[in-house]
Amino acid sequence: MDDKEIHVIDNLVRSKMHLLDSNKENFFSEGLSLITDYAPYRDRVVIGKVMQSPEHRIIYVKQGCADIQFNMKEVTMNSRKMVILPKGSTISVLDHDNSYHPLTAAFTGEEFASLVPYQEIEINLSAQEAEVIERFFGLMKSVLTIDDDSKPSAKLLIKALLTLIHSSRFGTKVIPTDNTSQRMNDFLTVLNTHYDPLQRNIGYYANLLGLSVNHLSSIVRAASGKTVMDWVNTKAILEINLMLGDGKLTIAEIAQRSGFCSTSQFDHYYRRHTQTTPNDYRRLCLKEKP
């Protein structure tokens, strides 16, 4: 975003300040949503439920703490931490405290294609950098409060924010620092993007990565303490949970789509890896929250 574009947005906000509804915190529309007040959703979160985001997301923690699984990676989200998620990412809240207060922007559009990473990025922010992010969210809230025609201006702000985040001088990115960690990261990326329920075997992923089965196995074991099949089964359960939580398919249909010959085989597999049943998980996800 150049100075001219910033000037246009600033003038738009200033010219319509009398229209702003300072009590409105959350905005939902096609292609762009903003949540700055998490309180209405805190008690409605189903711990352990897996959801898949249809949009790109920027999640910044203003205060509090939560343990969240993004694309199978468990991340402790505490104050001044931010995550950038590409469209299609899976999210599961494992735990959160009562003070947890995230700010979230969800957005879609071709204009973000070169700015959103192909995998999640964790960023730790200094106090000064956190203040910059909070200002961005505040400005986006102000712009969206004006009227329905202000969405393009809010998208320009998101582009500016993503450009800033890409700056090597902004924030401390949580990235692999050695070859083994980088290879592990590559494996998880391939597992997330090329998972095939009919290919629950090590060879499939080793071939995609151009590695031997033994080499991939040793990398994953050294980096995570788990086996390749531990991760493949985790991904399989995650995909199954998405279908169970959606509620549109029968258990038999989910079993078939997941590559099982029978519902009994599917039930046995699910119990072995989750210590619960598919129906129990479905009931947990679909129960009405107060």
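The sequence shown maps to residues 886 to 1175 in my numbering.
Idealized CB from N, CA, C, for every residue including glycine.
Secondary structure of residue i, DSSP reduced to three states
i	result
R942	strand
Q1013	helix
M1114	helix
A998	coil
M936	strand
D1063	coil
F992	strand
T1057	strand
L1127	helix
D980	strand
R1168	helix
D1081	coil
S1103	helix
G1088	helix
V930	coil
F1151	helix
S826	Since the first residue shown for the chain is 886 and the last is 1175, residue 826 is missing from the structure and cannot be characterised.
L1094	helix
Close Cβ partners of residue i (< 8 Å) along its chain, the five nearest in sequence each way excluded
i	result
M1025	L919, A990, A1039, L1042, I1043
P1163	I1125, L1129, I1136, I1139, F1151, D1152, Y1155
N1064	none
E996	K1040, K1044
L1000	K1044, L1047, T1048, H1051
D1071	L1094
F1022	L919, T921, Y945, L988, A990
N908	At N908 the pLDDT is 47, less than 50, meaning the model places this residue with poor confidence and gives no usable figure here.
Beta-carbon contacts of residue i that lie in its chain and below 6 Å, excluding the five residues immediately before and after
i	result
M1128	L1134, I1139
Y945	M967, L988, I1018
G1132	L1171
N1176	With the chain running from 886 to 1175 in the structure shown, residue 1176 is simply not present.
I1087	V1098, V1113
M936	I976
Q1160	none
Classification of residue i by the beta-carbon crowding that lies within 10 angstroms, buried from 16 upward
i	result
L1035	Strictly speaking, residue 1035 in this sequence is Ser, with Leu absent from that position. The residue is buried, with at least 16 neighbouring Cβ atoms inside 10 Å.
P987	buried
T961	exposed
G1110	exposed
Y1090	buried
T1078	exposed
I932	exposed
R1020	exposed
Sheet register partners of residue i (DSSP bridge)
i	result
F1022	None, per the DSSP bridge assignment.
E915	DSSP lists no partner for E915.
T961	D952
L1036	The sequence shown places Lys at residue 1036, not Leu. According to DSSP, which records beta bridges pairwise, K1036 is partnered with nothing at all.
P971	In DSSP, P971 forms no bridge with anything.
K1120	Note: K1120 sits in no beta bridge, so no partner.
S1007	Here residue 1007 is Glu; the residue named in the question, Ser, does not match the sequence. DSSP, once it has assigned bridges, lists V968 as partnering E1007.
P1163	In the DSSP output, where bridge partners are listed per residue, P1163 has none listed.
P925	Answer is none; P925 lacks a bridge partner.
H986	Q948
I1043	For I1043, which the question treats as bridged, DSSP gives no partner whatsoever.
I920	N911, T989
Chain-order list of residues whose beta-carbon lies under 7 Å from that of residue i (same chain, five-residue window excluded)
i	result
E1014	F1055, G1056
G994	G916, K1040
S984	Q948, G949
E940	K972, A991, F992, T993
F912	S918, L919, L1029
R1168	none
P1037	none
Whether or not the stretch 948-961 and the stretch 995-1007 are in contact is what I'm after, with contact meaning three or more pairs of Cβ atoms, one per stretch, closer than 8 Å; do they touch? Yes, the stretch 995-1007 touches the stretch 948-961.
Segment contact flag, the stretch 1136-1152 with the stretch 1095-1114, C-beta cutoff 8 Å, min 3 pairs: The stretch 1136-1152 vs the stretch 1095-1114: no contact.
Contact between the stretch 918-932 and the stretch 961-972 is defined here as three or more beta-carbon pairs at a separation below 8 Å; is this criterion met? These segments do not touch.
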